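Enquirer:
Residue numbers (our numbering): 363 to 448.
(1) What do you reckon, are the CB atoms on residue 428 and residue 411 nearer than 8 Å?
(2) Starting from residue 371, follow the alpha helix (DSSP H) in both directions and report where the run begins and ends.
(3) Use the C-beta contact count for residue 383: other C-beta atoms within 10 angstroms, 16 or more gives buried, fewer gives exposed.
(4) Output needed for residue 400: all residues of its chain with C-beta closer than 8 Å, excluding positions within five of it in sequence on either side, in chain order.
(5) Ignore the nearest five residues each way along the sequence and tell me which others in residue 404's own chain have a CB closer than 8 Å to its CB.
(6) Give the DSSP-derived three-state secondary structure of residue 390 in the structure shown.
(7) What residues in its chain sit with their C-beta under 7 Å from that of residue 436, if we drop five residues either side in the sequence?
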């Protein structure tokens with residue numbers, strides 16, 4: 363695993379777990395997904411928060427702050443979708 367200068371994918375996984383979500387990297391597809399720990403059917407791709415059209419492929423693609431913004435934004439979107447589906 364390539365270590366970023368300030369953080370690793372494990373740091374990001376810990377952050378997402380603290381929010382009740384699981385961050386996963388799919389190596390062969392080169393994509394990250396974020397899914398709700400209690401409901402794995404609720405999930406989303408991890409994409410760049412400022413463009414919303416390109417999927418994040420590497421930990422180094424975003425700064426730590428960028429990752430937190432992306433994770434929080436996706437959590438909000440998944441939560442909103444869950445409210446609609448109730």
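All residues carry an ideal CB built from backbone N, CA and C; glycine is no exception. All values reported here derive from a predicted model rather than from experimental measurement.
Expert: In short, the structure shows the following:
(1) Working through the chain shown from its first residue, we reach residue 428 at position 66. Working through the chain shown from its first residue, we reach residue 411 at position 49. Cβ atoms of residue 428 and residue 411: closer than 8 Å.
(2) Position 9 of the chain shown, counted from the start, is the residue given in the question as residue 371. Element bounds for residue 371: 371 to 380.
(3) Taking the first residue of the chain shown as 1, we reach residue 383 at position 21. Its Cβ being crowded by 16 or more others within 10 Å, residue 383 is buried.
(4) For this step, residue 400 is matched to residue 38 along the chain shown. Once the five neighbours on either side are set aside, the close Cβ partners of residue 400 are 382.
(5) Taking the chain shown and counting its residues from 1, the one referred to as residue 404 is at position 42. The answer, listed in chain order, is 397, 398, 440, 443 and 444.
(6) Here the question's residue 390 lines up with position 28 in the chain shown. Correct three-state label for residue 390: coil.
(7) Start at 1 with the first residue of the chain shown, and residue 436 comes out as number 74. Closer than 7 Å at the Cβ level, and outside the excluded window around residue 436, lie 396, 406 and 408.
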